[in-house]
Structures are given as C-alpha cells and as structure tokens.
Amino acid sequence: MFRLEPRASAPLAWQLATPVLAVLATMITGGILFAALGFDPVASIRTIFWDPLFGPAASYSRPQLLVKAGPLILIASGLALGFRAGIWNIGAEGQYIIGAICGAAVALAAYPTEAFWIFPAMILAGALGGCAWGMIPAMLRNWFGASEILVSLMLVYVAQKVAAWMAFGPMKNPEGFNFPGSRNLQQYPAASNPEIIANTGLHWGVIAAGIALVVTWFVMSRHVLGFHIRTAGAAPRAARFAGVRPQRLVALCLGVSGALAGVAGLFEVAGPAGQITESFGSGYGFTAIIVAFLGRLHPLGILFAGLLMALTYIGGELAQMMLQLPAATVQVFQGMLLFFLLGFDILTRYRIRRRA
Amino acid sequence: MKRRTLLGSAAALMAMSAMPAFAQDEKLKIGFIYVGPVGDGGWTYQHDLARQALEKEYGDKIETTFIESVPEGADAERALTQLALSGNKMIFATSFGFMDATINVAKKFPDIKFEHATGYKRAENVATYDARFYEGRAVIGTIAGRMTKSNKIGYIGSFPIPEVIQGINSAYIHAKKVNPDVEMKVVWVYSWFDPAKEADAAAALIAEGVDVFMQHTDSTAPLAKAQEAGALGFGQASDMAAFAPSPRIASIIDDWSPYYIKRVGQVLDGTWKSEGTWAGIGDGEVVIGEITEVVPAEVKAEAEALKAAIASGEHHPFTGPLKKQDGSDWLAEGQKATDEELSGMNFYVEGITAPMPK
Amino acid sequence: MIDPIAVFILLLGAATPILFAALGELVTERAGVLNLGVEGMMIGGALAGFAAAHATGSPALGFAAAAIAGVVLSMIFAALTQFLLSNQVATGLALTLFGLGLTAMFGKPYEGVKAPTMMAGPLGLNPMIWLGLLMVPAVWWGLNRSRPGLILRAVGENHDAAHALGYPVRAVRIAAIAFGGAMAGMGGAYISIATVLQWTEGMTAGAGWIALAIVVFAQWNPWGVLAGAWLFGGVTVLQLRLQAAGVAVPVQLLTMAPYLATIIVLVLISARQKYGRSGGGSAPGSLGKPFHALR
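Chains as they are written, first to last, in our numbering: chain E, 1 to 356; chain Z, 1001 to 1358; chain D, 2001 to 2295.
See below:
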C-alpha cells in the first residue's frame, strides 16, 4: 500500500508539470472518446488544440483567443485572491451580470449623448455593481456567519432573473420591434468597447485583464496583503496572530473579485456581446472558477489557463465545422481537464510513500 | 471622445479568406449557425432537416457545415467569421439573436451571402427570412375551437414577442369564429426549451379546465402531459409524430427547405439578391402536419379548406373587423393587417382576457 | 377559481425530481462533502434511465439504471475528492460540465424516441412520487435514529474527532456520495421518464442547482427538504397556474423569490448559530473540507 505525506511546500517542478500532464491526459482520453464515437482521434485533437493557434485561419482565431480569454482571466484573477484566503466566491457569474447591467444602465441613460465621460462612468458603474453584488455574501458572512459559497451561488440565479426582467422591461430597446434586449451598445460610439487595434482582439477588457494580472501578482507576492491572504488560507488560526482581520479580508476578497467580475461584464456588454438580453450570462463566471484552479491561483498560471480554456471553446467550434464533432465536446473536455488537473494536483501537495 | 476601430480588418480578413487552402474546390460551401443543439427536436432540428434537404437536392454541387449551440452575442460573431473564413460563400444564421452579429460580419465579407432568420435588419449581402407561423395557427386554432368540449383552449407561450403574440391572436380569432363561446388561456414559460417547465405549464392549463392547447415552445413535454390528462395538443416546429394520433391531433411544422433550396439555387445561378422574405402556407414554409383520425371528418375538412384559402391568398388571418383587447378599433371591416403592424405586434385582440405581460 | 388540491397535485409532480436530488445531496453534505455536481449526475440519470426504460420497456428498470449511472458519476467525484484530496467545489463543477457534455454526446440515438408509459400508482400519483415522499422519513430516521446515521453525522461535523474515535471517515463519505449520486440519478430520470417522456440534451435545465439551494433552505433537515422542494416546485406551479387563470403575474420577481427566501433562511440559521442560541439546523462543521488522516 501507499500512503500520502504532505509536502512542506509544493515543488516548482511539479507545479509546472501537473497542468501539462493534465492537458496530455485530457488529449489522450479525449482521443479515445472520439475514436469510440467514430471520429478520427488525431484529427480531432489537432483541430481543437492546434488549428486555432497555427491552422490555416489562425490569424483570425489567435486574436479571438484574447477576446474569449479576457473576461475569464479578469474574473479568475479576482477569484484567485479569495480562493487563496479560503474565501469561496462561486457567484462571479452573478456579479458579472449585475456589473454589465449597471454599466449598461449608465450608457442607456446617457443615450444618445456623445461625451468623453460616458465610457469611464460605465466602467465605474460596472465595478461598483459587481462589487456591491459581491459584498452581499461578504456582509452576510461577516454579520451572521452565512456561508459565502451558498449565498453567492443563490445570488447568481437572482442576477439571471434581474437580467431577464431588464431585457423584457426597463431596458428593452424602444426601437427593437418589441423584441427583448437592450439597445446594442456597439452602435453607440460613446459607450462602445471596440477593438483598439483592428484584428488583434485587443479591447479594453483585455487590457484590464492584463492590469488585473500584474496588480494581483504584485499584491500576492510583494504586498503585506498578499501575505495576509496566504496566511489566512494556509493557517486561519495563525493568521489572527499575524494581525489578519478576517472580516476585513472577507469583505476585501469578495468586494474585489466582485468588482473585477463586474467590469468583465461591463466590457463584454459594451463590446463583444453588445446588449443585455435575458441570456446575457453565458457562464463566464463559472468557467472562470475552472480557470482559477487550472492556473493554480497564480497570475501567470491564470493567464495560461484562460488562454487554454479559450482555446477549447474556439477549437471546439472549429472541430464542429471541420469534423462535425458535437458541440458538447467542449464541455466534456473542460470537465476532463479539470478532473485530471485536480487529480494530478496531489503530486504537488503530497509525497507518495510506500507504506512500511 | 471618439474611439473608433481602425477598420483595416476587413481587408486583412478578405486576404485570408482568399488563401488557396480554402478556395480549392468548385463546390458552393454553405455554412449554418444554430442557436440550439440539432437534437432539440424543434427549432434547430427543423433548420437542420432543411440543411439535409439541401444536400439531397444539390448533391455534390454544394457542401454544408454547421455549428450548433452557438450562444447569441460575441460567440455568434466569431462562429460566423469562422464559417466565412473557411470558405463558405453562403451562410444561414438561424436565430433572431444573431441579428447584429450577422450584420457586423457581413460588412467584413461583402462577397459572402448571408441569410438571417426572423430578423429585421438587412444589407446588400444580408437577406432575411421568416415564416408566417400565424397562418398555421389559424388552422390549428380552428381545430382547437371545434375540438374543445370545455370551451377553454390554452396556449403555452415562450416569450411575449411579436411572433408569438401573432400566433395567440390568430389562433384565438379562428377558434372564436367556429366556436363563439371559446375562451383562450395563456401561460408564458419564458424559455424556448425547458421540458419540465413546459410540462408544468401544460398541467396548469389543464387544471384551469383547458382541454385543447397549443404551444410555442419546442419540447414534447406538454404533449406528454396532455396524454396523461386526456387533453389534446398539437406538434410544434417539428411534427412530434410520436404522440399521434392522440394527444397530438395535428401539428404546425416549420419547413425551411423550400426557401433554402430556392435561395441556394439563386446563388448557384447568380441571381441571388438581398431581400426580406416572409413566407407562409402557400409557399410550403408553414406546413400543417397530418390531422389525425381523432378529429371528425367535417372538422378536418373545414381546417383543410381554411388552409387552402390561406395558401391561395384568398383569406388573410388578420382581416377586420377586429378590435384590440382594450376595445379600441384596430381593423375596419375587410381591412387586412399590414406586415409592419404584424411584425411589431404587442397587443391581444378583443376577447382574450389574459393580461399581456409587462 | 383555483382548486388548491389540484395545485397541490401538480406541485407533487413538479417537486419530485428536485426532492430526490436534494435528499441525496443532503446526505452527502451531512457527511461533510459538498458536491456541486448534482446537475451532472441528474442529467446522467436522465439519459441512462431513459435509455434503459426504452430498451426494456420498463420504467422501473429505467430508474434502477439511472441510480446506477448516478453512482458511477458520483464515484468520479469520490475518487478525486476522497483519495486524491481535490477541491470539492472545483471537482463538483467539473462533474456538472462533464455530465452535461457526455450525455449530449452519447444521447444522440435516443432523440425523438418516446419512453414507455409510466407506472400508475395509488391516488393517481405514480410510484416515484410516493417513493420520494417515503424517502423523507426514511432519510430522517436513517440520519437521526440509526447507528450508521450517527456515524455519518459525526464524520460530517468533525472528521478529525470521528477519525480519532475510529470511524472510517473516507468509507462513510464515499457511501454518502454514492447515495447522493443514486438519488440525483433517479431525480433526473423522473424528468425524462415521467415528466417529459423523451430524451433531449440539457433537459434537466438547472434542476440540480435548485436541489443545492433546497438543501440550504432546508437547514440540512429532510423535512425541510420536503418543504423546500414544495416551495420551489410550488412557486413554479403556482405562477403558471395563476397565469392560466388570467392573473397578471410578475414572473421574474416571483421566480426570484425562492432564491431570496433561501438566502434569508440561511442568514437566520447562521445568525441563530452565531449568537449562541441552540437548536439544530446549521451547516455540517466539516462541510467542504478535505480530510486527510495523518496516521
């Protein structure tokens, strides 16, 4: 028999190797699955993982990776702060939706004014909206001890209903022939979030994601707050002696991750998505949780994980187009990828010893 | 502040699409994006049947591909671009929510022909198409009006948008014509596809005393409920023949194949033009599925006569005198509703007592 | 007039899938494991149950197959969280994705096929509704009056103490996860076999998440689960019923209400706990925490 022995610290080599191993294992298992369904496994894997990067239409799909990865990275970098501290915000999807609604509300209220302040005001509103939605579970935990996991999850559903209400009611486009959905912000220059340099996929949301990565990296590794967060996560009791105030940490982590999810929603509604519809929340908030874990809660890891996740989406579409693979492939892949990563993760945290 | 995109992108994208890797064969490549999975048994399934009909019709002159379950918004724009870049010269975007994405992508690919279902924005290379489902609703409304014993008929609505409201009104007007005592009960489920909720909606209607109902949602769950309760219903979008002869006594089928075959033919012979098409029973786009033996022969004959009259253009389902729900005048004697009025319809006609959702 | 008894009968049907899934998740959580993969296990059960019922013509065998499918899926979760000590939140999310994707891929042959007729039961309610109702006292008795239930709760409250007392923490948790899987599978199969009578991908449409909410609403008590399933099922049924009767209903606000109610209940029980008043109904002490025995 074998037994597990906790490591004092995770060796860097394993930390880097396990995600790679997980991706390889996913490819192999995925290949077997495709073969079982009657598809060419090699071609399938190549189409999903290689073609978006280096295939014939890569000059289009590479920038699209940024568009898809941007919100994921932005949300995940906020979530990682809390996850490190043992504060589980799994309601980023709700914060994303509310951020988008608040930002869009500013734009729709200002319509059709053209003024320089509109876009910055939208960003502010998006951040505040997401932050406020994230502060609800934070405050309920601080005041009453209610589990932030469950409260933030419940608030996702509330946010989805709010989005539907907005799309059918207060935000319905008055020129939209009674179809649900707000005005399209892409067609309102003062409020839109277009590509900054054509054909690069680079919009303000992607830039914000980059800034979020750098700032969270700085906070986590160079700032006393990062030390507090890590201590709180690793040894909650010791953290008190180190001067950590748990309540402040809860409010901070949920507030910041909510604000980041909110801005992600705002950049999405002002840019790629364009409008608030009843189905505005398309799962970025949940996928970002996977990204945070896949990236081992480290900014650099989150960068790669976000891009990898985006790759499976875009590769999945290519595989549908080229090989008629079903759309569900992407979900299966993301599920397996996370399974393998979480499974292999034990190698970084524990040493496997033969039982004496 | 003007933050404008540097639209060099169009040129760059076109250069890519002209790359030899893509344009090597002579076949006309046709792409489709679907909002749901092809297995939804309803809306997307019917579009996919039409795609298969195209392949049958034109054989190796064409090649089709599709991307399913594409969320509306940013993902749709990317899926459309991917289709454009991989050499598709004609692209069908089969959901209302793809409208702005289709227009955006079409701007970048002026030599590709786009067809957008149920939208209202067109461009030089973007045509729109839709079906006059309300014509079919008139026929099944007639059957419902005749078949109900409780004089209460029901309607399961998806979202309160003009297309669905047209259907409710048309069904009611024609049910009332054959059965002046008929009442219409409406339930909105706020989803195109949520089997469990649709079943609950059907059950709610049945509990209200409804014994014949129509649905504007895609799953067969309401029919399953009808079977259990001994009520009657109609297939929606697809034939739902598994539930024939009862509770499914007829169906209203979206058949996109005549339109797809016509438009692809026009691209093949170079006569395609951007236009808005709103076709109905007469064009074979709205089909009434087999009316089963549960329906008495004279009712069946009556329904088929109405179908023929609509097909020939002799009867317009919205012909005055008609008043709105609030009692105000809408159409005078003999006056027909215009397409503009119908495409923005947001009111019930007089006699429907259900409140319009706000 | 709206007949309350008729509404109640509708409610029983609408509540059954979430009742099954929530009772299963309740037992899992009482053992200290948070499995967010309920939706994935439900859809797995919906497909496997439908396929088996279709192949054999027997809905009962369908439900049995659904329970097995639920257990199989839950064992992926168990292997990762109990042996490889992975994070439960992430593993559960992965299970949901995996289950939804896998069933969509393998469910293609069953599209457009009809299920066999559901068994009839006493008072016009099918046997699964009765089974669901019977499971409530059964789970209550099992948790509160039986020895295995006592051990299970001990493991969920404080796994270190339970381990010190010599209870097999891991084995108990795996059994609880398997029970959760079986129940979620049967709940999912109720949707495909008894409600919709067909298979379509994604047909559980979020029922698994509602089940998670119900467990919280229920304060981890089986009778509370029954109340919660009736509340969530009841709001859906009632708003549709009111619409059918021609009453103007603010649908979005009304469907939001059970989630808000859940949050309020959660706050109340947490507050009672925090401010020292005794009484049951709080989250199991070790909920969501990984257990690793050093000795």
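Each residue gets a CB set at the ideal place from its N, CA and C atoms; glycine is no exception.
Note that the structure is a prediction, hence the values are computed from the model and not measured.
Report task. Give the straight-line distance between the Cα atoms of R1051(Z) and L2073(D), rounded to the nearest whole angstrom. Result -> 36 angstroms
Query raised in the report: Going straight from the alpha carbon of D1254(Z) to that of G1167(Z), what length do you get?
Result: 14 angstroms
Query raised in the report: Out of curiosity, what's the CA-to-CA distance linking V2089(D) and V2033(D)?
Result: 10 angstroms
Query - Per-residue DSSP class, three states only, for A115(E) - result: coil
Report task. Grab the span of the alpha helix (DSSP H) containing K161(E) for me, first residue to last. Result -> E148 to F168
Query raised in the report: How close, in whole Å, do the beta carbons of G201(E) and V67(E) come, if the pair is a contact with beta carbons under 8 angstroms?
Result: 5 angstroms
Requested in this report: Within 10 angstroms of the Cβ of E1115(Z), are there 16 or more other Cβ atoms? Answer buried if so, exposed if not.
Outcome: buried
**Report entry** Residue from E1026(Z), A1224(Z), F1032(Z) and A1053(Z) whose Cα sits closest to the Cα of Q320(E)
**Finding:** F1032(Z)
Requested in this report: Pick helix, strand or coil for M245(E), following the three-state DSSP scheme.
Outcome: For the record, residue 245(E) in the displayed sequence is Arg; it is not Met. If DSSP states are grouped into helix, strand and coil, R245(E) belongs with coil.
Query raised in the report: Of all Cβ atoms in chain Z, is any one closer than 9 angstroms to the Cβ of I2043(D)?
Result: no
Requested in this report: Check distances from the C-beta atoms of the segment 140-154 of chain E to those of chain D and list, in chain order, the residues that come in under 9 angstroms.
Outcome: L140, R141, W143, F144, G145, A146, S147, I149, L150, V151, L153 and M154
Query raised in the report: Is the CB of T2236(D) under 9 angstroms away from at least one CB in chain Z?
Result: yes
Report task. Identify which residue in Y111(E), A107(E) and F144(E) has its Cα closest to the Cα of G126(E). Result -> A107(E)
Query raised in the report: Does the count of Cβ pairs from the segment 139-153 of chain E and the segment 84-96 of chain E closer than 8 angstroms reach three?
Result: yes
Requested in this report: Kindly examine the ligand NAD and report whether one of its heavy atoms sits closer than 8 angstroms to the Cβ of W2130(D).
Outcome: Although the ligand NAD was asked about, the structure shown includes no ligands whatsoever.
Query raised in the report: Looking at the C-beta of V1187(Z), does it have a partner C-beta in chain D at a distance below 9 angstroms?
Result: yes
Query raised in the report: What residues match up with F1213(Z) in a beta bridge as DSSP calls it?
Result: G1154(Z)
Query raised in the report: From the DSSP output, which residues share a beta bridge with M1090(Z)?
Result: I1030(Z) and K1113(Z)
**Report entry** Among L81(E), T348(E) and V330(E), nearest to T26(E) - alpha-carbon criterion
**Finding:** V330(E)
Query raised in the report: G1280(Z) and I1252(Z): beta carbons closer than 9 angstroms?
Result: no
Report task. Using a cut-off of 8 angstroms between C-beta atoms, extract the partners of T329(E) located in chain D. Result -> G2101 and M2105
Report task. Whole angstroms is fine: what's the gap from I1310(Z)'s alpha carbon to A2189(D)'s? Result -> 43 angstroms
Query raised in the report: So what does DSSP say about P19(E), is it helix, strand or coil?
Result: helix
Query raised in the report: Nearest-angstrom Cα distance between V1038(Z) and A2052(D)?
Result: 23 angstroms
Query raised in the report: Does N2087(D) have its Cβ less than 9 angstroms from a Cβ in chain E?
Result: yes
Query - Beta carbon proximity, L1049(Z) to chain D, threshold 9 angstroms - result: no
Query raised in the report: Would you call the CB atoms of G103(E) and V158(E) closer than 9 angstroms?
Result: no
Requested in this report: For K1121(Z), count neighbouring C-beta atoms within 10 Å of its own C-beta (all shown protein chains included) and say buried if the count is 16 or more, exposed if not.
Outcome: exposed
Query raised in the report: Pairing CB atoms from the segment 2152-2164 of chain D with CB atoms from the segment 2016-2036 of chain D, are three or more of them under 8 angstroms?
Result: yes
Query raised in the report: Is it true that the CB of R349(E) sits closer than 9 angstroms to the CB of L2085(D)?
Result: yes
Query - E5(E) in three-state terms, based on DSSP - result: strand
Query raised in the report: In whole angstroms, what separates the C-alpha of N184(E) from that of P194(E)?
Result: 12 angstroms
Query raised in the report: Are the C-beta atoms of L1205(Z) and some chain D residue less than 9 angstroms apart?
Result: yes
Query raised in the report: By how many angstroms is the C-alpha of A146(E) removed from the C-alpha of L2097(D)?
Result: 27 angstroms
Report task. Check the DSSP bridge columns for S1251(Z) and list the partner residues they point to. Result -> G1235(Z) and G1289(Z)
Query raised in the report: How is F179(E) classed by DSSP in three states: helix, strand or coil?
Result: coil
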